[in-house]
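> Once you've had a glance at the structure underneath, I'll fire off some questions.
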Amino acid sequence: FIACANPDEFVFWDSIHPSTASHQILAESTIALLKSLDKDESKSVPEPVSSASLGVIGLAWLFRKQLNKSC
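Our numbering applies: residue 518 is where the sequence shown begins, and numbers increase by one.
Right under this line is the structure:
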């Protein structure tokens, strides 16, 4: 198997593998894109449904407990 003599001048250094230069260009553009993203968009936000669900379940349990007392 013979690879090309100047792989950094090509996108692929053989028929399958990208060259080091291609990887570097891809990495630099990915890093630039990630740095340009708004930091507020990447923050995690707690799911409000979980808290609301627990509250509804708690109220239902209390209501059922009150109904059982009156019987």
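Ideal placement from N, C-alpha and C gives every residue a C-beta, glycine not left out.
Quantities reported herein were computed from a predicted structural model and do not represent experimental measurements.
Beta-carbon of A544 versus every beta-carbon of chain D: anything under 7 Å?
This model lacks chain D altogether; it includes just one protein chain.
> Which ranges would you report for the alpha helix (DSSP H) in the region 532 to 582 if only whole runs of at least 4 residues count?
Runs of the alpha helix (DSSP H) inside the region 532 to 582: 537 to 553.
> For S532, does the count of other Cβ atoms within 10 angstroms reach 16, so buried, or fall short, so exposed?
Counting from 1 along the sequence shown, the entry for residue 532 is found at position 15. Exposed, by the Cβ-count rule.
> Where does S536 land, buried or exposed, given buried means 16+ other C-beta within 10 angstroms?
Translated into the one-based positions of the sequence shown, residue 536 becomes position 19. Buried.
> Taking the DSSP output, what are the residues bridged to F529?
Here residue 529 is taken as the residue at index 12 of the sequence shown, counted from 1. Beta-bridge pairing links F529 to P535.
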